[in-house]
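Those protein sequence lines, which keep their order, are chains A and B.
For the first sequence, full-length UniProt numbering assigns the number 1 to the initial residue and increments by one for each residue that follows.
For the second sequence, full-length UniProt numbering assigns the number 1 to the initial residue and increments by one for each residue that follows.
Protein chains: 2
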Amino acid sequence: MTAVERGPVVPSSGAFRPVSPEAVRLRDGGFWADRRAVNTSGVLPHAHAWLDRMGWIRNFREPERHVGREFTDSEIYKLLEAYCWDDADHLAEIDELTALVARAQERDGYVGTAHGRPGQPARWSDPHFGHELYCLGHLIQAGVAAARTGRSPALVSVARRAADHVAGADPAICGHPEIETALVELYRVTGEARYLETAAAFVNRRGHRTLPEHEFGWAYFLDDTPVREAHSLRGHAVRALYLAAGAVDVAVETGDTELLAAVVRQFDHTLARRTYLTGGMGSRHQDESFGDDFVLPPDRAYSETCAGVATVMLAHRLLLATGDMRYGDIVERVLYNVVATAIADDGRAFFYAHTLHQRTPTEFVPADRAQLRFGGGPRAPFFEVSCCLPNVARLLASLPGYLVTSTAEGVQLHQYADMDVRAGGLELDVRTRYPDHGDIVITVRRADQGERVLSLRVPGWAEGATLDGRPVEAGTAVRIRRDFAAGDTVVLRLPLTPRWTWPDPRIDAVRGCVAVEAGPLVMCVESLDAQENLDHLMVDTAVAPEATAVKGRFAQSTGARWPYHRTGTDSAIGSPTVVPLVPYHRWARRGPATMRVWLPVLTP
Amino acid sequence: MTAVERGPVVPSSGAFRPVSPEAVRLRDGGFWADRRAVNTSGVLPHAHAWLDRMGWIRNFREPERHVGREFTDSEIYKLLEAYCWDDADHLAEIDELTALVARAQERDGYVGTAHGRPGQPARWSDPHFGHELYCLGHLIQAGVAAARTGRSPALVSVARRAADHVAGADPAICGHPEIETALVELYRVTGEARYLETAAAFVNRRGHRTLPEHEFGWAYFLDDTPVREAHSLRGHAVRALYLAAGAVDVAVETGDTELLAAVVRQFDHTLARRTYLTGGMGSRHQDESFGDDFVLPPDRAYSETCAGVATVMLAHRLLLATGDMRYGDIVERVLYNVVATAIADDGRAFFYAHTLHQRTPTEFVPADRAQLRFGGGPRAPFFEVSCCLPNVARLLASLPGYLVTSTAEGVQLHQYADMDVRAGGLELDVRTRYPDHGDIVITVRRADQGERVLSLRVPGWAEGATLDGRPVEAGTAVRIRRDFAAGDTVVLRLPLTPRWTWPDPRIDAVRGCVAVEAGPLVMCVESLDAQENLDHLMVDTAVAPEATAVKGRFAQSTGARWPYHRTGTDSAIGSPTVVPLVPYHRWARRGPATMRVWLPVLTP
């Protein structure tokens with residue numbers, strides 16, 4: 001296995017090739033380097049301690065005394081995967097956890113602490129919520145990480161035996177997709193065709209209502225319509241995104257252009273009509289699901305952290321397969337507005353769901369307290385359902401694999417960070433304080449002989465961007481073809497001037513509102529900085545927003561008994577005021593607060 | 001027991017006294033007479049047949065083979081209550097069902113087919129969702145109806161034994177209020193103080209977080225804050241409304257002015273900030289709960305039918321207690337826009353939840369099909385949770401008791417219908433085609449000697465109302481004090497001219513929208529009448545709406561990849577168009593359709 005095959009997603013072919021995480025070195029002090037450091041020192045030990053405290057690790061030792069939901073095994077697997085990807089050495093933890101998993105693995109290769117023993121539900125007895133293939137998928141994904149990083153041959157062996165069992169047992173489709181991406185990656189690692197065939201079978205079988213009818217409906221499980229025929233992502237957001245990622249993986253390995261085109265179509269529809277300004281997906285608390293087109297209420301936004309991770313997984317696969325650099329835009333948006341928002345500064349609390357409009361002050365959740373209620377609410381140390389924390393951990397640990405790609409002709413920079421890059425025949429020194437400052441200064445340290453192409457994503461929001469002083473078009477990829485020499489420099493300048501952002505008029509929930517964005521960052525207002533109830537704030541859009549504040553007025557209460565009136569001008573307005581803006585990813589870090597992203601527009 | 005004590009709510013004291021349903025005779029062909037006829041001929045036999053088909057009646061015969069949820073018993077009790085109130089003779093059904101309930105009643109008076117037997121959860125073991133007191137409350141309420149109408153001494157006896165058991169067992173508060181109103185009404189029927197004391201104890205014990213912690217939170221169960229201290233109705237809507245009604249009942253019987261004032265305050269807050277234009281309550285599907293102030297999304301409106309019934313119950317109690325005739329406004333709004341909407345024309349299908357914005361066409365639900373998913377969706381013959389149908393049935397059956405009240409000085413008309421009224425020393429012939437026509441012609445047939453006062457509610461929406469041609473103020477009660485003689489006539493004219501209705505700017509979900517109302521009716525547009533997707537319709541509010549249609553234009557799709565833009569004028573607009581209006585209570589009766597009440601305003 002060569003160095004290039006060590007990343008989180010390594011397709012056999014595609015328009016762009018992944019670059020090994022080792023070829024991308026994030027410099028300390030940068031935005032993502034800092035967060036990866038917190039991941040290593042805070043998130044990983046915090047997650048490990050909580051999985052232990054909850055008894056979910058002990059489940060592997062004493063499955064007959066299983067505690068927790070059916071899918072708790074998967075959190076241990078995601079933690080293992082994160083340990084493998086992480087720069088730091090976690091060999092002791094990897095070995096300890098792997099030994100436990102191996103011990104729980106049965107002779108036929110099956111692993112699952114919640115099924116099959118006396119007093120437990122039988123294997124495969126609950127296709128809707130048994131989560132068995134979901135857990136095995138995460139185990140296999142951890143094995144893939146172990147194989148690619150060389151961190152644990154034992155874990156690779158456990159994963160392969162589990163995959164062999166799945167391929168042989170050929171169970172019904174799982175209510176929660178995940179096995180598909182995992183099996184394809186294991187195929188990519190091992191070359192074993194049956195893993196790919198099994199993944200393809202799971203993708204193809206889905207959508208024919210073979211799952212028994214359930215009150216949540218077939219769409220929740222993505223079993224309502226075959227993948228090739230669906231026009232949009234729908235149903236449970238994480239399930240939909242994992243399935244779509246798996247379908248892309250299958251399509252790429254089998255050369256199935258129709259299947260790839262179907263996912264492209266669905267993702268495009270989803271971005272155009274079912275995605276929050278933050279890049280978050282999932283509009284409903286009740287079933288953690290997508291809403292209908294343009295149903296995007298900011299207050300009841302679900303926008304699960306896991307859905308953000310899954311969006312990055314899917315978008316990156318589409319990027320590799322199609323070479324369409326615009327996919328980097330949604331990756332950037334999700335990274336800065338969902339992933340960066342999700343984790344507390346010390347890594348020891350996290351958001352499960354991401355509201356865009358907090359109406360009542362966030363509570364303080366004690367450090368020793370698992371939240372009963374997963375879903376909405378403040379960052380909490382842990383939740384009874386805690387899929388999001390190890391999911392973010394594995395994404396942050398493997399993040400360097402998502403920033404840069406290469407081709408025969410050169411290198412493509414999709415995400416900007418202070419880093420060294422060695423790919424596509426170039427060694428680059430990328431200097432930037434992004435997203436605080438918009439200059440990205442790229443210096444060539446070394447270059448192969450002959451012409452190389454350096455491609456830079458110009459974000460869709462970056463109107464007024466320049467390359468070496470010359471205007472470049474937003475929403476395109478700048479291709480610099482040159483016989484590069486050491487010392488050559490290019491400067492991409494992305495204007496971070498704050499701007500008003502207006503919603504499509506068909507999005508009912510934010511009609512009459514604006515938001516503020518600055519570069520890739522969505523901005524918000526927090527009650528800590530306002531003198532009155534943020535729900536009464538109306539902003540003046542006659543002038544451009546400033547970097548740090550918006551001007552507006554607060555509506556005054558009229559004391560009306562009934563809130564529906566014969567005339568539209570019933571509310572009294574207060575005097576002009578100024579309310580500071582903060583980046584949305586910084587909200588809820590200074591104490592209990594209300595918050596809003598979408599701000600009602602002051603009508604003249 | 002005198003005739004005046006035969007109604008659904010008979011407090012011992014209050015500003016207004018209830019009038020016996022027999023003293024209010026609705027004439028055939030009127031709006032509510034028609035719906036009561038459908039209730040008798042359609043709803044009641046339909047509900048009875050489905051309760052039988054589901055096995056919930058058989059549960060009383062064979063409780064050891066109990067099927068369905070913990071609260072299925074309550075549907076039989078509500079059906080019994082409706083049978084008792086109904087004008088028609090249902091004695092055979094009443095006797096049959098009563099005999100079954102009596103058979104299932106245990107020696108100590110407890111009745112509950114889902115608890116206490118071998119293999120069943122123990123009595124009182126699940127305070128959150130056992131619903132035991134909830135069921136017993138409905139049984140007692142049925143007993144009250146039986147007592148007041150004389151329909152079944154046997155049922156009265158069963159109810160009294162059950163109440164005695166509750167008073168003696170004094171269990172913990174029930175997760176779902178209902179027992180409180182029932183026990184107070186039984187006190188009113190029997191004079192037994194211990195029933196009132198038990199109800200008062202249940203009300204006073206609530207709000208101290210004595211229920212074990214639950215992931216839904218204490219507010220859902222109204223156990224977060226004592227009734228006397230809460231500032232709003234909150235949590236699960238039906239639970240909140242039943243509890244509030246019970247608190248009013250307790251307050252009235254114990255002379256507790258602080259408790260009554262607390263409920264008045266909470267209901268006022270709820271009307272001002274947490275109620276839909278239709279009068280519906282409940283903004284969230286996930287927990288059938290109120291949202292925060294001004295969180296009133298029309299698409300995800302829950303507005304459960306049972307919450308509408310409970311709102312009428314509460315508002316009527318407040319009306320009787322306080323003499324504030326404005327409570328008749330919310331009763332009217334709920335009757336015409338929730339209750340009238342709930343039931344299919346033949347009485348054999350019903351809405352559980354009431355959306356104000358149907359985005360995807362309603363499905364057709366086969367007549368033999370119980371919906372798995374209670375909550376949103378089209379009118380269906382039945383649901384796995386079917387509390388709404390027998391609840392509407394009992395309200396319609398007892399409706400005459402909610403229209404008129406009396407005092408020593410005369411009679412008060414709160415709701416208008418074509419009817420004869422005999423109360424407060426007057427016999428009145430009330431002629432009207434309301435709500436299709438706004439004239440209410442009241443002719444005195446007979447009057448007691450001396451001055452009487454005839455009070456008429458002038459709805460808050462009725463700007464331009466006249467009495468005998470003289471303007472009267474909307475939102476007030478007109479008092480006509482006269483020595484009435486047979487043949488005297490007064491004409492109240494309520495203008496039903498359609499009007500634009502604008503939402504409070506703090507209701508985010510409908511900002512930039514208007515609705516149309518005509519008299520008490522909320523209007524809507526249905527896709528059957530429109531040429532394009534209703535979600536793209538924008539209406540022209542420069543002129544007043546017509547009775548039957550709105551003028552506007554449809555937004556055209558721009559094909560944008562991302563729905564958030566730098567400028568606010570991105571959508572193309574089509575040519576002027578006219579879209580018919582229909583009363584909201586008539587929607588979804590002509591086949592699959594999308595629908596909306598709140599219509600985006602065309603900005604110039």
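Even for Gly, the Cβ is constructed at its ideal location relative to N, Cα and C.
None of the values given here were measured: they were computed from a predicted structure.
Closest Cβ-Cβ distance between H536/B and chain A: below 8 Å?
Yes, contact with chain A.
Report the start-end ranges of each alpha helix (DSSP H) in the region 177-265 of chain B that is 4 residues or longer and not cut off at the edges.
Here the runs fully enclosed are 179-190, 193-205 and 237-254.
What's the C-alpha gap between H585/B and V522/B?
Their Cα atoms are separated by approximately 8 Å.
Given a cut-off of 8 Å, decide if G308/A and V339/A are closer than it, judged by their beta-carbon atoms.
In this structure, G308/A lies closer than 8 Å to V339/A by Cβ.
8 Å is my cut-off, CB to CB: does V295/A come that close to chain B?
Closer than 8 Å: yes.
Is V263/A closer than 8 Å to A247/A when the C-beta atoms are compared?
Their beta carbons are under 8 Å apart, which means A247/A touches V263/A by this criterion.
Select from A240/A, A315/A and D249/A the residue whose C-alpha is nearest the C-alpha of G291/A.
When each option's Cα is compared against that of G291/A, the closest is A240/A.
With distance defined between alpha-carbon atoms, name the residue in L211/A, C174/A, E132/A and Q105/A nearest to R161/A.
Of the listed residues, the one whose Cα sits closest to R161/A is Q105/A.
Where does V578/B land, buried or exposed, given buried means 16+ other C-beta within 10 angstroms?
Answer is exposed; the Cβ neighbour count stays below 16.
State buried or exposed for P127/A, treating a residue as buried only when at least 16 other CB atoms are found within 10 Å of its CB.
With 16 or more other Cβ atoms within 10 Å, it is buried.
Within the continuous alpha helix (DSSP H) that includes V306/A, where are the two ends?
For clarity, residue 306/A is Cys in the given sequence; the question names Val instead. C306/A -> alpha helix (DSSP H) spans T305 to T322.
By Cβ distance, which residues of its chain are closer than 7 Å to R27/B, with the 5 residues on each side in sequence left out?
Cβ within range, chain order: A33, D418 and M419.
From the DSSP secondary-structure annotation, give me the bridge partner or partners of L521/A.
Beta-bridge pairing links L521/A to A518/A.
Can you name, in chain order, every residue of its own chain whose Cβ lies under 6 Å from the Cβ of V441/B, other than the five neighbours on each side?
These residues qualify, in order along the chain: R431 and V491.
Where does residue 615/A sit, in a helix, a strand or coil, going by DSSP?
Nothing in the structure corresponds to residue 615/A, since chain A is present only between 1 and 604.
Can you tell me the Cα-Cα spacing of E451/A and T198/A, whole angstroms?
The straight-line gap from Cα to Cα measures roughly 43 Å.
So, A393/A versus F382/A, is the Cβ gap smaller than 8 Å?
Going by C-beta atoms, A393/A is not nearer than 8 Å to F382/A.
Roughly how many whole angstroms lie between the Cα atoms of D429/A and P580/A?
Computed Cα separation, rounded: 35 Å.
If distances are taken between C-alpha atoms only, which option among A353/B, S386/B and G175/B comes closest to F129/B?
Nearest option by C-alpha distance: G175/B.
Can you give me the Cβ contacts of C306/B inside the same chain, cut-off strictly under 6 Å, excluding the 5 residues immediately before and after it?
The residues are V238, C387, C388 and N391.
Is the region 201-208 of chain A touching the region 268-287 of chain A in the sense that three or more CB pairs, one from each, lie closer than 8 Å?
Judged by Cβ distances under 8 Å, the region 268-287 of chain A makes no contact with the region 201-208 of chain A, as fewer than three pairs qualify.
What does DSSP give as the partner residue(s) for L427/A in the beta ladder?
The residue you asked about is not Leu; residue 427/A is Glu in the sequence shown. DSSP, once it has assigned bridges, lists R422/A and R446/A as partnering E427/A.
How is the alpha helix (DSSP H) around V491/B delimited, first residue to last?
Unbroken run through V491/B is the beta strand (DSSP E), T489 to R493; no alpha helix (DSSP H).
Against chain A, which members of the region 501-527 of chain B pass a CB distance test of less than 9 Å?
Under the 9 Å Cβ criterion, the region 501-527 of chain B contributes T501, W502, P503, D504, P505, R506, I507, D508, A509, V510, R511, G512, C513, V514, A515 and E517.
Among the candidates V453/A, E288/A, A477/A and G559/A, whose CA atom is the shortest distance from the CA of G328/A?
The option with the nearest alpha carbon to G328/A is A477/A.
Between the C-alpha atoms of W587/B and C524/B, what's the straight-line distance to the nearest angstrom?
Between W587/B and C524/B, the C-alpha separation is close to 8 Å.
Could you spell out the range, first to last residue, of the alpha helix (DSSP H) harbouring P153/A?
Counting along the chain, the alpha helix (DSSP H) containing P153/A begins and ends at P153 to A169.
Kindly identify the DSSP beta-bridge partner or partners of M281/B.
T275/B.
For D439/A, which of E473/A, S12/A and P495/A has the nearest alpha-carbon?
The candidate whose alpha carbon is nearest that of D439/A is P495/A.
Residues of the region 195-216 of chain B with a CB closer than 8 Å to any CB of chain A: list them in chain order, please.
If the cut-off is 8 Å between Cβ atoms, the region 195-216 of chain B has E213, H214, E215 and F216 near chain A.
What number of angstroms, rounded off, separates the C-alpha of C135/B from the C-alpha of Y77/B?
Approximately 8 Å, taken between the alpha carbons.
Take E229/A and list the residues in its own chain whose beta-carbon comes closer than 8 Å to its own, dropping the five residues that flank it on each side.
Excluding positions up to five away in sequence, the list reads G207 and A262.
Go ahead and label D483/A buried or exposed: buried means 16 or more other beta carbons lie within 10 angstroms of its beta carbon, across all protein chains shown.
Result: exposed.
With distances taken Cα to Cα, identify the nearest neighbour of V111/B among P21/B, D87/B, L139/B and W85/B.
V111/B has its Cα closest to that of L139/B, out of P21/B, D87/B, L139/B and W85/B.
What are the boundary residues of the alpha helix (DSSP H) that L26/B is part of?
Counting along the chain, L26/B falls outside any alpha helix (DSSP H), though it belongs to the beta strand (DSSP E) covering V24 to L26.
Going by C-alpha to C-alpha distance, which of S12/A, R17/A, G7/A and R6/A sits closest to L319/A?
For the residues S12/A, R17/A, G7/A and R6/A, the minimum Cα distance to L319/A belongs to R17/A.
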